Amino acid sequence: MAILGSIIKTAIDLRGAIVSEKSPLESQREILKNLLEKAKNTAFGKYYGFSKILKTEDVQKSFSEHVPYFDYHEMEAEWWSKTQEGLEDISWPGKPSYFALSSGTTGKSSKKIPVTDDMIEAIRTTGIKQVGALTNFEIPSDFYEKEIMMLGSSTNLEKQDQFLEGEISGISASNIPFWFRGYYKPGEEIAQMDDWDKKVETITKNAKNWDIGALSGIPSWMELMMKNVIDYHDAKNIHEIWPNLQVYTTGGVAFQPYEKSFNQLLAHPITVIDTYLASEGFLAFQNRPGTTSMKLVTDNGIYFEFVPFKPEYINEDGSLSQDAPALTLAEVEPNVDYVLIISTVSGAWRYLIGDTIAFTDVEKAEIKITGRTKFFLNVVGSQLSVNKMEVGLREMEQKFDIKIPEFTLAAVKIEGEFYHHWYLGTETEINSEEIADALDKALKEANKNYAVARSKALKGVKVTTVNPNIFHEWNAKNKKKGGQVKMEKVMDEEKFTDWEAFVKSQKQ
C-alpha cells in the first residue's frame with residue numbers, strides 16, 4: 001500500500017468524521033442572512049432595503065417580495081457596469097479582483113461576471129469538500145499520490161483596467177493552493193497557453209511523462225484531447241498512456257450524451273463524478289456513489305431559489321416573468337423542473353443563471369441539470385426541454401447502436417409547415433428518415449405536450465447527420481475552442497440558417 005496515499009486518505013476521512021454539516025434548510029437560511037448582512041451597505045443593498053429585510057420575521061419571504069429577478073443583461077446594465085467602471089460597493093462590498101468571461105451557449109459576445117475574493121474562497125472551499133467526498137467512493141489509497149489533469153481555459157488572465165479577466169476554469173486554476181501544484185497537470189506553463197490547439201499538442205507530446213490518476217474538464221474537449229494522445233502515441237486506449245487513471249470529474253454539461261464515446265477510449269471503467277462549476281460559482285457536486293445526481297452546496301456563499309419551469313413564466317428571450325413564484329428549498333418537490341435562481345458572494349442577486357434543474361432527493365438537496373431556459377423549444381406548443389431531447393437521443397443510441405455526443409435543432413418552416421429539424425453528430429452512417437421516425441415516436445411517448453403538438457401544428461421531424469467534429473469547429477468559429485465553451489442545443493431560425501451554411505461549407 002502506498003504510504004503517502006494512505007496518510008492523505010486517512011486525513012480526509014478524519015476531517016469528514018470531525019466536520020458535521022447542518023441541514024440544507026438551516027444552512028440556506030443562514031447563508032441568506034449572511035449575504036444580506038454583508039451587502040446591506042452596498043448601493044444594491046441600500047436600494048432594496050436589505051437592513052429592513054433582515055429585521056422581518058421571515059427573511060426568505062421578504063427577500064423574494066422586495067428584490068426582483070435579474071438576468072445577466074439586467075444585472076450588468078443596472079449594477080455590474082458601474083463595478084466595471086471602478087466604483088466600489090455596488091452589489092458587493094469593495095471591488096472584485098476578477099471578471100469571468102462567459103459566452104455561454106448563446107451569443108458571440110462574452111458576458112463579464114464579477115468574481116470576488118469571497119467567491120474565490122468559496123470555490124476553493126467547495127473544491128476541498130469535493131476532494132473529501134472522494135472517500136465515499138471505492139478509490140484505493142495510491143490514487144491520492146497521482147497527478148490530476150485539469151483541462152480548462154488559459155490561466156494567463158488578461159489585465160483590463162483594475163481587473164483580471166478570463167474564463168472561470170482559468171481563474172480557478174490560477175488560484176489553486178500551493179500544496180496542490182505538485183499534483184496539478186499540465187502545469188502552470190502549459191496552462192497559460194491561449195492557443196487551444198497548441199495547448200493540446202503540448203499536452204499530447206508530454207503525456208507519457210505524467211502519472212495521471214484523474215481528469216477534470218468538459219466532456220467534449222476532454223474526449224478530443226484523449227483521442228489526440230492515443231493517436232500520437234499509437235495506443236489502443238488512454239490507459240496505455242495513463243495506466244493509473246481512475247477518476248474523471250466532469251462538469252459544465254450532462255455527461256450522459258458523451259458516456260458511450262468516452263468509454264470507448266478507456267481500457268476499463270473509471271469513476272465518473274459530476275460537478276456544477278459555473279462562472280457564477282461552484283453550485284453542486286456528486287458526493288456519493290450509486291447516483292449521478294449532485295448535492296447543492298447549501299452552506300458556502302450561495303443562496304438558491306427555484307421557479308417552476310412553465311411556459312407562462314418564461315419570456316421569449318429566456319428571462320423570467322417578474323410574477324413567477326419562487327420557492328425555497330423547503331418548498332420544492334422531487335422530479336419537477338425548476339429554473340435555478342441564485343444570490344452569491346460575488347454580488348449576483350436573484351440571478352437567473354439560465355439552467356433548469358430537478359430534485360432527485362429533496363432531503364439530501366440532490367439535483368440533476370435538466371436543460372437551459374433558452375433551450376426550451378415551445379414553437380407550436382411542443383414544450384420540449386433539453387432533458388426530454390437527450391432522453392430521446394439516448395434511446396436512439398441504444399436502438400441503432402450508434403453514438404450521438406452532439407446535437408442541435410430548430411423549429412423551421414418548410415413549405416408553410418412547421419418541422420423540427422435535428423442535426424445529429426455521429427460518425428455512423430444511418431438512414432436519416434428511419435432515425436427521424438424513431439426519434440419522433442420516442443418523443444411522443446415521453447412528452448404528452450409534444451404528442452399533442454405533432455397531432456396539430458407540428459408537421460414532422462427531419463434529421464441530418466454530420467460528423468461530431470463539425471460541432472467543435474462551429475464553436476471555434478463563433479467563440480473559441482476548449483474551456484467552458486458548450487454547444488447550443490436549440491437555435492432560432494436566423495442562427496440555424498448560419499449553422500446550415502457552415503455545415504455546407506465544411507462538407508465541400
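My numbering puts the first residue of the sequence shown at 1, with every later residue one more than the last. We put the beta carbon where it would ideally sit given N, CA and C, even for glycine. Predicted model, so just to flag it, every value in this text is computed and none were measured.
Residue i vs residue j beta-carbon contact at 8 Å
| i | j | result |
| --- | --- | --- |
| residue 32 | residue 59 | yes |
| residue 289 | residue 136 | yes |
| residue 158 | residue 164 | yes |
| residue 260 | residue 403 | yes |
| residue 296 | residue 365 | yes |
| residue 393 | residue 257 | yes |
| residue 212 | residue 149 | yes |
| residue 356 | residue 309 | yes |
| residue 475 | residue 491 | no |
| residue 204 | residue 232 | yes |
| residue 472 | residue 101 | no |
| residue 251 | residue 277 | yes |
| residue 464 | residue 505 | no |
| residue 354 | residue 373 | yes |
| residue 118 | residue 41 | no |
| residue 253 | residue 273 | no |
| residue 509 | residue 462 | The displayed coordinates of the chain run from 1 to 508. Any statement about residue 509 would go beyond what the structure contains. |
| residue 489 | residue 386 | yes |
| residue 496 | residue 362 | no |
Opening and closing residue of the alpha helix (DSSP H) in which residue i lies
| i | result |
| --- | --- |
| residue 84 | 81–84 |
| residue 495 | 493–507 |
| residue 160 | That residue, residue 160, is in no alpha helix (DSSP H); its beta strand (DSSP E) goes 158–160. |
| residue 450 | 448–454 |
| residue 330 | Run containing residue 330: none; DSSP gives neither H nor E here. |
| residue 23 | Note, residue 23: premise wrong, no alpha helix (DSSP H); not H, not E. |
| residue 231 | 219–232 |
| residue 393 | 386–400 |
| residue 528 | With the chain running from 1 to 508 in the structure shown, residue 528 is simply not present. |
| residue 94 | First-last for residue 94: undefined, no H or E at that position. |
| residue 54 | 50–54 |
| residue 470 | 469–478 |
| residue 74 | 72–75 |
| residue 347 | Neither: residue 347 is in no alpha helix (DSSP H) and is coded neither H nor E. |
| residue 46 | 43–47 |
In DSSP terms, what residue i is bridged to
| i | result |
| --- | --- |
| residue 372 | 355 |
| residue 114 | 99 |
| residue 423 | 408, 464 |
| residue 338 | 308, 357 |
| residue 149 | 185, 215 |
| residue 36 | According to DSSP, residue 36 bridges with nothing at all. |
| residue 367 | 294, 359 |
| residue 509 | With the chain covering only 1 through 508, there is no way to say anything about residue 509. |
| residue 417 | 414 |
| residue 154 | DSSP, once it has assigned bridges, lists no residue as partnering residue 154. |
| residue 490 | 409 |
| residue 343 | 303 |
Start-to-end residues for the beta strand (DSSP E) that takes in residue i
| i | result |
| --- | --- |
| residue 201 | Note, residue 201: premise wrong, no beta strand (DSSP E); alpha helix (DSSP H) at 196–206. |
| residue 414 | 406–414 |
| residue 307 | 302–308 |
| residue 462 | 458–466 |
| residue 362 | Neither: residue 362 is in no beta strand (DSSP E) and is coded neither H nor E. |
| residue 164 | 163–166 |
Whole-Å CB distance - residue i paired with residue j, under 8 Å assumed
| i | j | result |
| --- | --- | --- |
| residue 307 | residue 345 | That pair is no contact at about 22 Å. |
| residue 139 | residue 271 | 6 Å |
| residue 39 | residue 93 | 7 Å |
| residue 418 | residue 459 | 6 Å |
| residue 194 | residue 156 | 6 Å |
| residue 127 | residue 255 | Residue 127 to residue 255, Cβ: 19 Å. No contact. |
| residue 153 | residue 169 | 5 Å |
Short CB-CB distance (under 8 Å) between residue i and chain B
| i | result |
| --- | --- |
| residue 270 | The structure shown contains no chain B; it holds only a single protein chain. |
Worksheet entry | beta strand (DSSP E) runs contained entirely in the region 238–297, provided each spans 3 or more residues | Runs of the beta strand (DSSP E) lying entirely within the region 238–297, each at least 3 residues long, are 247–251, 271–278, 281–285, 294–296 in chain order.
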